[in-house]
Amino acid sequence: MPLLEPKPGAMRPRGIGGPAHDRVPEHRSGGTPEPLRSELIELLGAEKVLWKVSDLIRYASDASPYRFVPQVVVIAEDIDDVSAVLSYAHGRQREVVFRAAGTSLNGQAQGEDILVDVRRHWAGIEVLDGGRRARIQPGTTVVRANAALARHGRILGPDPASAIACTLGGVVANNASGMTAGTTRNSYRTLSSLTFVLPGGTVVDTADPLADEELARAEPALCRGLMEIKKEIEADAALVARIRAKYEIKNTTGYRLDAYLDGNTPVEILRGLMVGSEGTLGFISEVVFDTLPLDRALCSALLFFPSLPAAAAAVPLFNEAGAIAVELMDGNTLRASVSVEGVPADWAGLPKDTTALLVEFRAPDEEGRAACERRAAQVLSGLDLVAPAASVTNAFTRDAHTINGYWKARKAFVTAVGGARPSGTTLITEDFAVPPSRLAEACDALLELQAEHGFDAAVAGHAAHGNLHFLLAFDASDPADVERYGAFMDAFCRLTVERFDGSLKAEHSTGRNMAPFLELEWGPRATELMWRTKRVVDPDGVLAPRILLDRDPQAHLRGLKTIPRVEAVADPCIECGFCEPTCPSEDLTTTPRQRIVLRREMTRQQPGSPVLDGLLGSYGYDAVDTCAGDSTCKLACPVGIDTGALMKDFRHRRHSPREEAAAALVARRFKAVEAAARLAVAAAATITDRVGDGLLTAVTGAARKAVRPDLVPQWLPRIPGAAARKLPPTRRVGASAVYYPACVNRVFGGPEGRPGPSLPEAVVAVSERAGKPVWIPRDVNGTCCATIWHSKGYESGNRVMANRIVEAAWGWTAGGRLPLVVDASSCTLGIAHEVVPYLTDDNRALHAELRIIDSIVWAADELLPHLEIRGTVGSAVLHPTCSMRHLGDEAHLRAVAEACADEVVVPDDAGCCAFAGDRGMLHPELTASATAREAAEVTARDFDAHLSANRMCEVGMDRATGRGYHSALLELERATRP
């Protein structure tokens, strides 16, 4: 047993509320049953089959109100894997569901048998024809694709609010549209071609001139069936007219029957049917989009109205004026949005009925924008607006920061309102459309219906297109509340169809919660044609049963998930998945959403449950140990849920009193520990020079087993040598700032083989050249930003060092009169923000007077204007650290780099390297996984310099890329050297 084994039972939930009615039953505790597990492992390989009960549960939830636990999860790497799974399913009468980002709101990404992950290995974009087209893999997020296209002045048509997380495969499979896409810029209208795998394994590329010929040879019955349905539809003039009318407004309910009218051949018909098919007809393995111009000249306004109907009545006026987006937010939405960073706090007191319209005009140039502003002013002059809060301006603006703030509030609709829901309730997101001319009437009717059923829903949506969303919260564990929700849904669907002839799903696709109402909207004739389409394409019913077509009238009430209370920081989570793309462990173990999903299942279980024991057994490594603790999930989450902080708290819970005491002792004697660490690094360098890395790898490996793998770092090649024992001499008299070399830069030296000064020497030199000399206090040794203890959850040690550094900094800076410049971004973040909760009241007051500046910001703002650039390199690639994202310093890193290099590149896939101090040495596999995509981008071409702003992040990127990363300040010193 390791010397410092975690406290047994430390991860057990403190307030288990189970057993819940929807808990995973005990017979599932063994995970995937046999022979399913062994057969798939033999077919695909063990690394592609996830079978533990914790794996199945973490994939059981998506952004919808449903939860279905799969029998097994397959990580498909390529089309061969997909075809193999489909062939296996046919032979065993099994079912297959494909899942990418899991951001769908109606349960489309959930299956009860074989669930196939098609996100992890399916990312990538190829820009074609100067940006006019783009070939995109289905696991690529919309944001990632648009980042690549923006360099060419182009953009994709679909723009869903979940663009940060949703993937293009899901966007096409659901025909998701968004704020501006409407009926003309969505996937159906802007797809150039796509490649897909049919249930029988046939691969079809619709751009291939021989595609129809090959399909007829491979699937003759399918081709005949599609053409027969086409013939029947075209022979029925009333049905043709009905189909065309249904798609005059946004509609994703059922299959796209207009594909039979728009396509002339089986391949062309399938190309249309695949859009919005929700994975029920095939797997979309690649898409080629026709892109649109990226109009950068904007003018936007957030306009406040006294009521929802009053706002809706103004929508047609802005449509006629040419606005590209008219987004509606009701009072509940606006008030909930105050949880989103940057939203004015006074929105919390807005009157109940207040409603706002976010209106935006876009143009390619200044002349076009001026014309838009004139049309907008004309509409504005005739509106009866209100200003119920001091922050309300009711004016159009060109300011990018203000406009981004408006959109941030709007895009946070689901998560902000969901985060504000009563604890323990389940969130339902509905999505419907009516003719835009009847929007005000529909708003009145919706409000009346909600009141009748006891709901006070939040309403928002794409008002320009007659498309609204509303959110309902209810208790899925209470049968009476589920019955109330069911009654409301029946009434709502009848209202939408019978009174407004609207679409029950405008852009979120049919899904489990609208499948029972398909015939209500489309009628028996069209609905039966959809069932026939499914039988023609998927005669064995292998793909995604019950997701789009379901004859059970109560299907939308099946599988509703309870949301048991967990730790307060995570309780607001609605499992939307926005956090996942930014998570360093996304492709290794678990994501922030999955960490919370697993925690909730623990709470559903009863004490002693084998399922609970299995989850606890996996959670230590899968959730706690492999969390980088970088908290970028907090930045991605619209309501700021910090799962990284929760994992640090779990680390603290696992510590024994002996371990906490040892960590506190290290903090108190850190001066000696720091000196010993520097000597150890120097000795290690000598050993590896003589006998290689093998000896140290063996020694640290043995120590990890004896103590604990999560405490003792593993020796890794490319670890830098020791720093100089003494820091460069400086003078306090005349100093413009106090310079604090972080302990990592006092222990580790610079890049091996790179001539020139150390980082402390470089900072001193460039500051002197700029006429802004800095002073290094003589007693910095033995101090630290406290991140060492904070990241590992050692509260006692964290408290010791946090108070020590603040007291020292107060003295060094003469009570805050001089700024404190810190040369590692994570240490800047630590001293500026993370130490605060651990300070005494007196030291918190001292801290408030300090000015803590990252060295990159110091260089960009204070030094660059006074420096002469004497030589630049041709190109530089940057690795902005996660701490810089928290601090908002990324632009400063670019500014410094642009002074030193003719070309500066930030990889589109840049993210947290997960080295996280020493976590990359504790779990090297975490950094390898986290950096894989960024490293591929970096190594695809040559750069003259590889720059960052944190020594251990530079080490992590060294290991990932084989390139030598160094501080941008070292490059600045070289560029300004006389």
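Going by my numbering, the final residue of the sequence shown carries number 1263, and the count climbs one at a time with no gaps. All residues carry an ideal CB built from backbone N, CA and C; glycine is no exception.
Secondary structure note for Ile-1154: it is in no beta strand (DSSP E), with a DSSP letter that is neither H nor E. Closest in alpha carbon position to Trp-1074, among Pro-1058, His-937 and Phe-755, is His-937. If you draw a straight line from the Cα of Arg-1155 to the Cα of Asp-1229, it comes to about 17 Å.
Straight through space, the alpha carbons of Asp-307 and Ser-314 are spaced by roughly 15 Å. Taking a 10 Å sphere around the C-beta of Thr-1015, we find 16 or more other C-beta atoms and assign the residue as buried. By DSSP's assignment, Tyr-1025 forms a beta bridge with Val-1107.
Counting of Cβ neighbours within 10 angstroms places Glu-944 among the buried residues, the total reaching 16 or more. Considering only Ile-534, Ile-688, Val-623 and Leu-642, the residue with the shortest C-alpha distance to Gly-634 is Val-623. In the DSSP assignment, Val-489 falls outside any alpha helix (DSSP H) and within the unbroken beta strand (DSSP E) covering 488–490. Of the residues assessed, Ala-331 falls on the exposed side of the cut-off, its CB having fewer than 16 other CB atoms within 10 angstroms. For the beta strand (DSSP E) assignment, the uninterrupted runs of no fewer than 3 residues enclosed by the stretch 634–722 are, from N- to C-terminal side, 640–648 and 711–718. When C-alpha distances from Ala-608 are compared across Asp-521, Asp-823 and Ala-599, the shortest belongs to Ala-599. Nearest to Thr-1125 by alpha-carbon distance, out of Val-1190, Ser-1111, Ser-1140 and Arg-1089, is Arg-1089. Taking 4 residues as the minimum length, the alpha helix (DSSP H) runs contained wholly in the stretch 1195–1221 are 1204–1207 and 1209–1215, in order along the chain.
For Asn-689, the number of other beta carbons within 10 angstroms of its own is below 16, and it is reported as exposed. Rounded to whole angstroms, the Cβ separation of Ala-305 and Thr-847 is 6 Å, and the two are in contact under 8 Å. Contact check for Ala-345 and Val-338: beta-carbon distance about 10 Å, past the 8 Å limit, so the pair fails to qualify.
Arg-820 sits away from Leu-524, with the two beta carbons spaced by 8 Å or more. Shown here, Ala-1230 sits in a strand according to DSSP, grouped into three states. For Leu-371, the closest of Ala-1007, Pro-320, Thr-468 and Leu-325 by C-alpha to C-alpha distance is Leu-325. Comparing alpha-carbon positions, the option among Gly-1115, Ala-496, Phe-773 and Ala-1087 lying closest to Asn-1128 turns out to be Ala-1087. In the structure shown, Thr-818 falls within a helical segment according to DSSP collapsed to helix, strand and coil. With respect to Gly-1159, Asp-1187 sits close: the two C-beta atoms are nearer than 8 Å. DSSP assignment within the stretch 523–574 yields the following whole alpha helix (DSSP H) runs of 4 residues or more, N-terminal first: 544–547 and 551–559. Per DSSP, the unbroken beta strand (DSSP E) holding Arg-420 starts and ends at 418–421.
Contact annotation: the stretch 375–382 touches the stretch 821–831, with at least three C-beta pairs closer than 8 Å.
Distance check between Glu-1080 and each of Ala-947, Pro-350 and Ser-894 places Ala-947 closest, using alpha-carbon atoms only.
Thr-917 is not a Cβ neighbour of Cys-1112, given a cutoff of 8 Å.
Between Ala-1047 and Glu-1258, the beta carbon gap of about 4 Å places them in contact (Cβ cut-off 8 Å). Ranked by Cα distance from Val-1049, the options Asp-1108, Ala-492 and Glu-1183 are led by Asp-1108. Under the DSSP assignment, Cys-584 falls in the beta strand (DSSP E) whose first and last residues are 582–590. Between His-1132 and Val-1121, the C-beta gap is smaller than 8 Å, which places the two residues in contact. Between Thr-818 and Thr-537, the C-beta gap is not smaller than 8 Å, which leaves the two residues out of contact. One Cα belongs to Ser-788, the other to Phe-717, and the distance between them is close to 5 Å.
DSSP places Gly-1019 in the coil class of the three-state scheme, outside both helix and strand.
A distance below 7 Å between beta-carbons, with the five flanking residues on each side excluded, links Thr-576 to the following residues of its chain, in chain order: Gly-416, Arg-417, Arg-418, Ala-419, Leu-434, Arg-439, Ile-440 and Leu-441.
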